[in-house]
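Written below as structure tokens is the structure these notes are about.
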Amino acid sequence: AQKITQTQPGMFVQEKEAVTLDCTYDTSDQSYGLFWYKQPSSGEMIFLIYQGSYDEQNATEGRYSLNFQKARKSANLVISASQLGDSAMYFCAMSFYTNAGNMLTFGGGTRLMVKP
Amino acid sequence: EAGVTQFPSHSVIEKGQTVTLRCDPISGHDNLYWYRRVMGKEIKFLLHFVKESKQDESGMPNNRFLAERTGGTYSTLKVQPAELEDSGVYFCASSQEALLTDTQYFGPGTRLTVL
Chain A
113 AQKITQTQPG MFVQEKEAVT LDCTYDTSDQ SYGLFWYKQP SSGEMIFLIY
163 QGSYDEQNAT EGRYSLNFQK ARKSANLVIS ASQLGDSAMY FCAMSFYTNA
213 GNMLTFGGGT RLMVKP
Chain B
1470 EAGVTQFPSH SVIEKGQTVT LRCDPISGHD NLYWYRRVMG KEIKFLLHFV
1520 KESKQDESGM PNNRFLAERT GGTYSTLKVQ PAELEDSGVY FCASSQEALL
1570 TDTQYFGPGT RLTVL
């Protein structure tokens, strides 16, 4: 069974510093996708970044980068130059095929708080 | 382009009552998903529509939950009768295709409280 683990329930980071949010996953599938979503206090889930299991280069999107280590089954999110608006819940998720379709399985989330 | 919208944003009902949640996906997205997060637990998959067909409903907790997507546009999720353990946030997501690489775009969620 597929499983995502986020071991940091909460983290603080100083504004303008970089922060790494951990995500490890467990799957026996060769094909899967890894996603990070941000959920601010308003509640919506905002897509941040995607990494495919066959992608050899780490994904980057602006201040977000994904540190993908396939052998260790980790997909950590790195946020550079933290801003106050980065304070939110962050969810790591994995897409995989089921017998009928595909779905996302999520980790428990990490609450990031950016200090001014 | 409008994102995924959900209605209502909040619903408070008594145990035993019925509630219907609505989701409007991004225009042109054939794939529509429902997820929920109950208190203190992870976000869990409920079901997946491709157009109007239920592709996978393996995550539906029991037969008190009924999802429909008539005409392949918006979807409704009805809970009847609601129980206390149904309280949580119900998310809808949509994607253009259903490949592993396709991003699922989420709505803001409906917070359901069953008293």
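Quick note, the sequences are listed as chains A and B, same order.
Each residue of the first sequence is one higher than the one before, counting from 113 in the working numbering.
Each residue of the second sequence is one higher than the one before, counting from 1470 in the working numbering.
Just so it is clear, CB atoms sit at the ideal spot from N, CA and C, and this is done for glycine as well.
Just so we're clear, the structure is a prediction, and the values are computed from it rather than from any experiment.
When the Cα of residue i is compared with those of the options, which residue comes out closest?
i         : options                                    : result
A/Phe203  : A/Phe147, A/Ala183, A/Gln169               : A/Phe147
B/Tyr1559 : B/Val1507, B/Val1583, B/His1498, B/Pro1530 : B/Val1507
B/Lys1510 : A/Gly221, A/Ser165, A/Phe180, A/Leu160     : A/Gly221
B/Gln1573 : A/Gln118, A/Ser143, A/Asp134, A/Met157     : A/Met157
B/Val1519 : A/Ala212, A/Gly145, A/Leu216               : A/Ala212
B/Gln1475 : B/Leu1569, B/Leu1584, B/Tyr1543, B/Leu1568 : B/Tyr1543
B/Asp1555 : B/Phe1534, B/His1517, B/Pro1494, B/His1498 : B/Phe1534
Should residue i be flagged as near chain B, meaning a C-beta pair shorter than 8 Å?
i        : result
A/Phe180 : no
A/Ser143 : yes
On the criterion of 16 or more Cβ atoms from any shown chain inside 10 Å, does residue i qualify as buried, or is it exposed?
i         : result
B/Leu1490 : buried
A/Val131  : buried
B/Ser1564 : buried
B/Thr1579 : buried
A/Tyr166  : exposed
B/Leu1515 : buried
A/Pro152  : exposed
A/Ala171  : buried
A/Thr217  : buried
B/Asn1531 : exposed
A/Gln163  : buried
May I have the straight-line CA-CA distance separating residue i from residue j, to the nearest angstrom?
i         : j         : result
B/Asp1571 : A/Glu129  : 31 Å
A/Thr139  : A/Lys185  : 9 Å
A/Pro228  : A/Ile191  : 16 Å
A/Ser154  : B/Ser1496 : 23 Å
A/Lys150  : A/Met123  : 14 Å
A/Gln169  : A/Ile116  : 21 Å
B/Gln1524 : B/Tyr1502 : 10 Å
Any C-beta of chain A sitting closer than 8 Å to the C-beta of residue i?
i         : result
B/Thr1572 : yes
B/Glu1511 : yes
B/Pro1577 : yes
B/His1498 : no
B/Leu1569 : yes
B/Ser1527 : yes
Which residue or residues does DSSP assign as beta-bridge partners of residue i?
i         : result
A/Gly230  : Residue 230 of chain A lies beyond the range of chain A shown here (113 to 228); nothing can be said about it.
A/Ser207  : A/Gly145, A/Leu216
A/Gln163  : A/Leu146
B/Tyr1543 : Partner(s): none; B/Tyr1543 has no beta bridge.
B/Gln1475 : B/Cys1492
B/Val1558 : B/Arg1506, B/Arg1580
B/Leu1535 : B/Lys1547
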